[in-house]
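What follows is one structure encoded as structure tokens, with my remarks underneath.
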Amino acid sequence: MANAMLQQTVGGTLQLLSNSGTHCNVGNRSVRLLPKGFKLEVEFSKRAIYSSGKRKFNVIQASTSQTSVVGPLLAPSSSDTLDSHMKSNEVALILIRHGESLWNEKNLFTGCVDVPLTNKGVEEAIEAGHRISNIPVDMIYTSSLIRAQMTAMLAMTQHRRKKVPIILHNEDERARAWSKIYSEDTIEQSIPVITSWKLNERMYGELQGLNKQETADKFGHEKVHEWRRSYDIPPPNGESLEMCAQRAVAYFRD
7 MANAMLQQTV
17 GGTLQLLSNS
27 GTHCNVGNRS
37 VRLLPKGFKL
47 EVEFSKRAIY
57 SSGKRKFNVI
67 QASTSQTSVV
77 GPLLAPSSSD
87 TLDSHMKSNE
97 VALILIRHGE
107 SLWNEKNLFT
117 GCVDVPLTNK
127 GVEEAIEAGH
137 RISNIPVDMI
147 YTSSLIRAQM
157 TAMLAMTQHR
167 RKKVPIILHN
177 EDERARAWSK
187 IYSEDTIEQS
197 IPVITSWKLN
207 ERMYGELQGL
217 NKQETADKFG
227 HEKVHEWRRS
237 YDIPPPNGES
247 LEMCAQRAVA
257 YFRD
């Protein structure tokens, strides 16, 4: 699943939706996503519209293959930042897919198995960071999986503001106390990174760890395609896209 980086502290990320799209209210914000031929393993849904009365939301999608802005914002260049385009009542949500993982390379179903990036994945994360390096970032949300966290951290090493991404540990009182920062100057030069399992990739059930081609040969390409691409049909003992979207959108709403 994607990392989400915010130009203001709003929160969360969204996963894939049905062909008719979905709609949810986030506080006093109305969010509607309009997918257009999404590809689970390749890229994000193509369209998103965020509106909430006086506040305008814009979605920026960054990957190694493309960077696009949905909405009135202009894609940044090396000499032009989004600071001049963003108004006080606007929020940008940046979505970045994680780089190639070791199981992507082996063509295995990964799901919620915690697999790190390949060398290519590291390069992809850095390239994605280059593509958003001129966009101000105030908060980062990732899944609890290392491939997403690595991608976010590596991407931020390329950011022009040179702020340090720091994962917040709020599991218990000791974790909070031991990771506390006591310098206000250091805090100012840091970006909080919040992790949550609710943003994890779809749980693929009994397909996790299986080779995709071998699974298609065994069960038939049509059945495997149904498990992977249909909205409400889960793989054996796994999550459907609908189930995954519900938990991700709920996290965004909260």
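Everything in the sequence shown is counted per our numbering, starting at 7 for the first residue and increasing by one. All residues carry an ideal CB built from backbone N, CA and C; glycine is no exception.
Counted within 10 angstroms of its Cβ, other Cβ atoms place residue i as buried (16 or more) or exposed
i, result
"TYR257", "buried"
"ILE138", "buried"
"ILE100", "buried"
"ILE193", "exposed"
"ARG153", "buried"
"VAL170", "exposed"
"ARG234", "buried"
"GLU177", "exposed"
"THR163", "exposed"
"ALA183", "exposed"
"GLU228", "exposed"
"TRP3", "Outside the displayed range of the chain (7 to 260) lies residue 3, so it cannot be described from this structure."
"GLU220", "exposed"
For residue i, the residue or residues it bridges with in DSSP
i, result
"THR201", "THR148"
"ALA10", "LEU101, TYR147"
"ASN113", "Note: ASN113 sits in no beta bridge, so no partner."
"SER107", "LEU123"
C-alpha gap between residue i and residue j, whole angstroms
i, j, result
"GLN252", "ALA134", "27 Å"
"VAL255", "TYR188", "34 Å"
"LEU213", "PRO242", "7 Å"
"CYS250", "VAL143", "26 Å"
"ASN128", "THR157", "Looking at the sequence itself, residue 128 is Val, so the reference to Asn does not match. Distance between the alpha carbons of VAL128 and THR157: 7 Å."
"ARG166", "ALA10", "18 Å"
"PRO240", "ASN140", "39 Å"
"SER196", "ALA98", "19 Å"
"GLY244", "ASP191", "45 Å"
"HIS175", "LEU123", "22 Å"
"GLY226", "ARG180", "50 Å"
"ILE173", "GLY215", "28 Å"
"LYS168", "LYS218", "40 Å"
"ASP238", "ARG259", "21 Å"
- prompt: Whole beta strand (DSSP E) runs in the stretch 122-199 with 3 or more residues, listed along the chain?
  reply: 145-149, 170-173
message: Three Cβ pairs or more, each shorter than 8 Å: is that satisfied between the stretch 104-115 and the stretch 143-157?
response: yes
- request: Say whether the stretch 199-208 touches the stretch 110-122, bearing in mind that this needs 3 or more beta-carbon pairs closer than 8 Å, one atom from each stretch.
  value: yes
query: Where in the stretch 206-236 do unbroken runs of the beta strand (DSSP E), each at least 3 residues long, occur, reported from the N-terminal end onward?
result: none
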